[in-house]
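Residue numbers (our numbering): 284 to 749. Ideal Cβ positions, reconstructed from N, Cα and C, are used throughout, including at glycine. See below for the structure under consideration.
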């Protein structure tokens with residue numbers, strides 16, 4: 284996720300995961316919407332010597348050099364210099380080398396003290412929260428100090444500063460009721476001032492924290508409609524993902540995202556397109572005009588398919604019932620070339636999607652069968668159920684060993700399998716000649732819903748002998 288979270292306009296990047304990968308996020312020129320010269324309060328004033336030290340830190344080229352300065356002069360740092368030093372450290376790519384050093388821990392402690400005792404401005408709160416998130420610091424006293432300072436200053440936050448703070452909250456999982464209430468109240472106050480990128484980042488952050496918090500999401504969704512024509516591809520993908528993550532159904536918003544996405548479809552990266560497709564499918568929103576545009580771009584960018592995007596894209600098209608053989612053939616070709624990198628969930632997801640669309644691809648399923656046994660211990664209940672159902676649905680005789688291997692693992696781990704997934708495995712076994720003891724073991728009466736398993740078995744067994 285690339286973003287400009289620092290108010291002074293220094294870019295940074297950070298990658299997060301959801302279902303393998305999270306949509307790429309960008310805030311572009313986020314700093315351009317914020318007044319850069321906020322006056323410092325008296326508590327942050329500094330002496331001439333402290334100012335020189337701060338300027339010395341700003342010129343340091345590595346984190347280790349900064350720590351050497353801290354070793355000698357930390358006690359002489361002004362409040363502003365301390366906060367600025369943490370921000371500069373967050374930009375250093377070698378900051379991981381110094382995180383256990385005593386001077387770094389002292390710097391973190393001093394930062395927390397300053398946030399608690401000084402009346403810092405919104406600008407310093409946002410910059411510091413960004414630095415803490417970028418460094419991944421988990422000091423409870425520091426996080427409490429950041430949250431407290433944020434609550435005090437939030438009524439002065441501009442829309443773009445809100446987006447920066449929301450991002451930091453999402454990364455640090457700072458979601459206390461008091462902080463989110465204050466954040467949401469300010470979101471609603473300035474919601475009409477949000478530029479498209481900042482609004483999408485704020486919505487993404489709420490979804491990352493799994494919170495809608497009152498009416499904030501409603502107001503942001505409504506505001507998004509007004510900025511949709513300005514939204515870049517990354518913003519559209521982020522809003523779609525956020526709605527799916529929160530199961531937030533807003534048909535007008537989905538229509539607007541779809542229409543805007545079609546108009547700039549060539550500007551989407553492969554990952555952004557496929558994450559948006561997943562989001563729509565997760566919400567059972569199927570716009571066939573968008574899917575048609577997505578097919579053309581996916582075929583043009585098939586070399587960008589990664590292990591998780593292969594599975595998510597196939598799943599999305601299968602859920603929408605939109606079967607395009609050339610796309611599934613491209614997914615198959617790419618999956619076979621990436622086979623060693625496919626996770627258990629990806630293998631099962633691809634198998635389920637191809638079977639759901641009755642897209643029989645023996646070479647692909649041979650690869651799935653070859654890769655799955657070594658990963659069976661990593662298969663979730665859902666993955667085992669999906670893979671077994673796919674093999675049973677397509678009646679792939681050559682893949683019976685995989686089905687029996689799944690059944691064996693299911694027997695051993697039946698207590699962690701859901702009733703639906705045990706039912707899928709039982710159904711798949713019933714589609715093939717197999718021994719009754721294996722089926723009995725899988726469909727164990729110890730499970731919570733034996734009647735459902737029995738019904739699955741009876742229906743499939745009757746069909747098998749009709």
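ask   = From what residue to what residue does the alpha helix (DSSP H) around residue 491 run?
value = For the purposes of this step, residue 491 is taken as the residue at position 208 of the chain shown. Residues 479-491.
query = Exposed or buried, which one is residue 408 when buried takes at least 16 other CB atoms within 10 Å?
reply = One-based indexing of the chain shown puts residue 408 at position 125. Buried, since its Cβ has 16 or more Cβ neighbours within 10 Å.
message = Looking at residue 506: is its Cβ nearer than 8 Å to the Cβ of residue 477?
response = Along the chain shown, read from residue 1 onward, the residue named residue 506 stands at position 223. Along the chain shown, read from residue 1 onward, the residue named residue 477 stands at position 194. Contact flag set, yes.
task = Report the three-state DSSP secondary structure of residue 507 (helix, strand or coil).
result = On the chain shown, residue 507 is found 224 positions in, with the first residue counted as 1. Reduced to three states, the DSSP call for residue 507 is helix.
inquiry  = If you reduce the DSSP assignment to three classes, tell me which class residue 382 lands in.
reply    = Taking the chain shown and counting its residues from 1, the one referred to as residue 382 is at position 99. Of the three classes helix, strand and coil, the one that applies to residue 382 here is coil, per DSSP.
inquiry  = Going by DSSP in three states, residue 497 sits in which element: helix, strand or coil?
reply    = By one-based count along the chain shown, residue 497 stands at place 214. Coil, per DSSP.
key: C-alpha gap between residue 600 and residue 572, whole angstroms   = For the purposes of this step, residue 600 is identified with residue 317 of the chain shown, where counting begins at 1. For the purposes of this step, residue 572 is identified with residue 289 of the chain shown, where counting begins at 1. So the two alpha carbons sit approximately 13 Å from each other.
key: Sequence-distant residues of the same chain with beta carbon closer than 6 Å to residue 370, five excluded per side   = Residue numbering aside, residue 370 sits at position 87 when the chain shown is read from its first letter. Cβ within range, chain order: 410 and 414.
inquiry  = Residues in the same chain with beta-carbon distance under 6 Å from residue 669, minus the five sequence neighbours each way, listed in chain order, please.
reply    = Within the chain shown, residue 669 is the residue found at index 386, counting from 1. The residues are 631 and 635.
inquiry  = Taking the alpha carbon of residue 390 as the reference point, which residue from 449, 650, 489 and 367 has its own alpha carbon closest?
reply    = Taking the first residue of the chain shown as 1, we reach residue 390 at position 107. Taking only the C-alpha atoms, the option nearest residue 390 is 367.
ask   = How would you call residue 480, buried or exposed, if buried means at least 16 neighbouring beta carbons within 10 angstroms?
value = For the purposes of this step, residue 480 is identified with residue 197 of the chain shown, where counting begins at 1. When all chains shown are included, residue 480 counts as buried.
key: Close beta carbons around residue 399, own chain, < 6 Å, minus the five adjacent residues each side   = Here residue 399 is taken as the residue at index 116 of the chain shown, counted from 1. Counting only Cβ-Cβ distances below 6 Å, and skipping sequence neighbours, we find 428.
Rounded distance between the beta-carbons of residue 541 and residue 590, thought under 8 Å = Here residue 590 refers to the residue found at position 307 of the chain shown. Here residue 541 refers to the residue found at position 258 of the chain shown. Residue 590 to residue 541, Cβ: 26 Å. No contact.
ask   = Roughly how many whole angstroms lie between the Cα atoms of residue 436 and residue 447?
value = The count along the chain shown starts at 1 and reaches residue 436 at position 153. The count along the chain shown starts at 1 and reaches residue 447 at position 164. Using only the alpha carbons, I get a separation of about 14 Å.
query = Mind checking residue 537: buried by the 16 CB within 10 Å criterion, or exposed?
reply = Numbered from its first residue, the chain shown carries residue 537 at position 254. Label assigned to residue 537: buried.
request  = State buried or exposed for residue 675, treating a residue as buried only when at least 16 other CB atoms are found within 10 Å of its CB.
outcome  = For the purposes of this step, residue 675 is taken as the residue at position 392 of the chain shown. So residue 675 counts as buried.
task = Under 8 Å Cβ to Cβ from residue 462, same chain only, skipping five residues before and after it: list those, please.
result = Position 179 of the chain shown, counted from the start, is the residue given in the question as residue 462. For residue 462, where only same-chain residues beyond five positions count, the Cβ hits under 8 Å are 430, 433, 434 and 452.
inquiry  = Buried or exposed, going by whether 16 or more other CB atoms sit within 10 Å of the CB of residue 581?
reply    = Working through the chain shown from its first residue, we reach residue 581 at position 298. Buried.
Per-residue DSSP class, three states only, for residue 345 = In the chain shown, counting from the first residue as 1, residue 345 sits at position 62. The answer is coil: DSSP assigns residue 345 none of H, G, I, E or B.
query = If you draw a straight line from the C-alpha of residue 610 to the C-alpha of residue 365, how long is it?
reply = As a working mapping, residue 610 is identified with position 327 in the chain shown. As a working mapping, residue 365 is identified with position 82 in the chain shown. Residue 610 and residue 365: Cα-Cα distance of roughly 54 Å.
task = Output the distance between the C-alpha atoms of residue 337 and residue 352, rounded to the nearest integer angstrom.
result = Start at 1 with the first residue of the chain shown, and residue 337 comes out as number 54. Start at 1 with the first residue of the chain shown, and residue 352 comes out as number 69. C-alpha separation (whole angstroms): 10 Å.
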